[in-house]
Structures are given as C-alpha cells and as structure tokens.
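Reading through the structure tokens given below for one structure.
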Amino acid sequence: MHLFQPPWTDNLSPFLVRWLLFGHTVGIRWYGLNYVFSFFLVYLYFRGAARRGRVPRLDLAAVDALTYAIAIGIVGGGRLGFVVQHLDTLRTDPLFPFRLTEGGMTFFGGLLGVLLAIFWAGRRYGMGFLALADIATFPAALGLALGRITNFVNGELAGRPTHGDWGVIFPSVDNVPRHPSQLYESASHFLLFGALVAANRTDWARARTGRLSYLFLTLYGFLRFATDFFRADDTYWGPFSTGQWASLVVALAGVIGLALLSSPQRAARRA
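If you use this note's numbering, the sequence shown corresponds to residues 1 to 271, in order.
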C-alpha cells in the first residue's frame, strides 16, 4: 500500500486552531503566526547585536523602536505593494486595501518598507544604515523561508502545471497538478540564510560594513529570478514576469553595491 500516491492534493488547514464565532470561522492562522515569529526573530537578532556591541549606540530602546518600525514597514510596505499591483480592484472596491484577513502582500513592497524603517531608526538614534541592514538580513531570510511554507499551507501562489510526480493539486486554484513553487522558494531562502551565515564568519564580510546587505540583495534577486520560472504569473513584460524583472533590479543593486564596497578608491579612503 502506498502512503503517497501522486499527485498529492494540498488540503492543509490554514489554521493552527479555529472555532466558530457568530457563524464565522475564526482562529489562529499559520500565516499570522509566521509574521509574529519573524518579528520576534528581528528583535532577537538586534538584541543580540546590541549585547555584543556590533553597532555603536544600538541599545535596548533602539532595538524596541527598530522592531516596531520594521514590523510596520513589512506590513505597510507589503500591503501597499499589493495594492499598487491591483489598482483595478481598488477602483471598484476602495476598501479592499484594509481587508488584511484576505491576504495580499508583496516582497518588494515589504523590502522598501523595511529599508525606510531602518533608515528612520538609524537617523533617530544615530546609527549606520548599512550596519543595521546587515543584521536584518538574517531574520529576513529565515522569515521569507518560513513565509513561503505558509503560502504552501494556504494553497496560494501556486506554480505552473507539471506532469512530474512531484506535482501538487491546489483545490483553491484548479484540479491540475502544479509545481509546489512555494517550497522551491522556501528552499532557496534557507540556502540564502546559510550563505549569509557562512559569509558572516569570513574576513571578507567583516572587512566592509554593508557587504552582507548587498550579498542578500544579490543572492535573493538571482534565486527569486530562477524560482519564478516555476511560479504561475499572468503578468509578463517580454520574456519575463514582473517579479523576475524586479528580481533582476534587486540583484543588480546588490552587485553594484558589492562592487562599490570593493573598489580601490573606497578602500583607500577608509584606510
């Protein structure tokens, strides 16, 4: 008897626990738990950096402010990015941006929100932007990896149809076996986290503040570009999806940043 007979159907519950309240299903969702856990990771990483004295003037008050600011940046920026992608819906339903329980976030909007939050906290408490961004890369990579798993649990962001035995049926989409692209992306984010941890142990990363940040952008951009080939996306500009074009822009920003930090002129000025 086979315990697994392809294709597998994703009938996983999006709730950890749930109950009926006045005829409506409410409960604790895995998706929401991931956000809470990710914000907790942000707090732990910055608190650890404060204790080790990695960033001048990073104290516990600044850690609290950073955590709150980054949380607002992720949710606000991610939601705003989703709204921008769905302006047609906004025209017919002006209240849809406020229906957070229905989901709808974008990485690139969240990234912009986080960068603005770090910039604000750095100015407020007199801390270096790149030094803070370097620390944020670790919880960001882990949070993204876990977030894609919750996307899989929710049956959203399904991949392209496939004839492979690893295809998964997502009932919320159709009855066609599809690539579990959410898990591909999750694996790439765990790989990104491992690369950051390995790089952080080298003299290369310690020699220049900001190298971890630009490495994050570079690797994320190229990995996301690759995994998006398996992701169903109905918006294309030429041969690539909008997400792939945005990923290339992020990767290019990372490459340029690494090149600037490694330039002889900049090294000479720091000497």
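Just so you know, even glycine gets a beta-carbon here, dropped at the ideal spot from N, CA and C. From a predicted model like this one, the values you see are computed outputs, not experimental measurements.
Excluding sequence positions up to five before and after T137, its CB lies within less than 7 Å of the CB of L196, L212, S213 and F216, all in the same chain and listed in chain order. Minimum Cα-Cα distance from Y31 among the listed residues L44, F22 and V17 corresponds to V17. For Y236, the pairing in a beta bridge is given by DSSP as S241.
Among the bridge pairs identified by DSSP, F15 is matched with R29. As for any beta strand (DSSP E) of minimum length 3 sitting wholly inside the region 124–193, there is none. Just measuring C-alpha positions, the residue of D234, L20 and G243 sitting nearest A226 is G243.
With fewer than 16 other Cβ atoms from the protein chains shown falling within 10 Å of its own Cβ, S13 counts as exposed. Boundaries cannot be given for L95, as no alpha helix (DSSP H) includes it and DSSP labels it neither H nor E. Rounded to whole angstroms, F229 and Y236 show a C-alpha spacing of 12 Å.
A contact is defined here as three or more CB-CB pairs under 8 Å, and the region 36–55 meets this definition with respect to the region 138–148. Burial state of P180 is buried, judged by a 10 Å Cβ sphere holding 16 or more other Cβ atoms.
Distance check between T209 and each of V176, E185 and L261 places L261 closest, using alpha-carbon atoms only. In the three-state reduction of the DSSP assignment, L58 falls in the coil class, being assigned neither a helical nor a strand state. Straight across, the Cα-Cα distance linking H189 with V173 is about 25 Å. Around the Cβ of T150, a 10 Å sphere holds 16 or more other Cβ atoms; the residue is buried. Here L58 is buried. Its C-beta has 16 or more other C-beta atoms within 10 Å. Within its own chain, the residues whose Cβ lies closer than 7 Å to the Cβ of G122, once the five positions on either side in sequence are excluded, are G128, F129 and L132, listed in chain order. By the CB criterion at 8 Å, S186 and R124 fall outside the cutoff.
With respect to the 8 Å criterion, R79 and P97 are classified as neighbours on the basis of their beta carbons.
In the three-state reduction of the DSSP assignment, T227 falls in the helix class, which pools H, G and I. Non-local C-beta neighbours of A65 in its own chain, meaning closer than 8 Å and more than five positions away in sequence, comprise A121, R124 and Y125, ordered along the chain.
Taken through DSSP and simplified to helix, strand or coil, T67 comes out as helix. Assignment of T9 by DSSP, reduced to helix, strand and coil, places it in the strand class. Of the other Cβ atoms in all chains shown, fewer than 16 fall within 10 Å of the Cβ of V176; this residue is therefore exposed.
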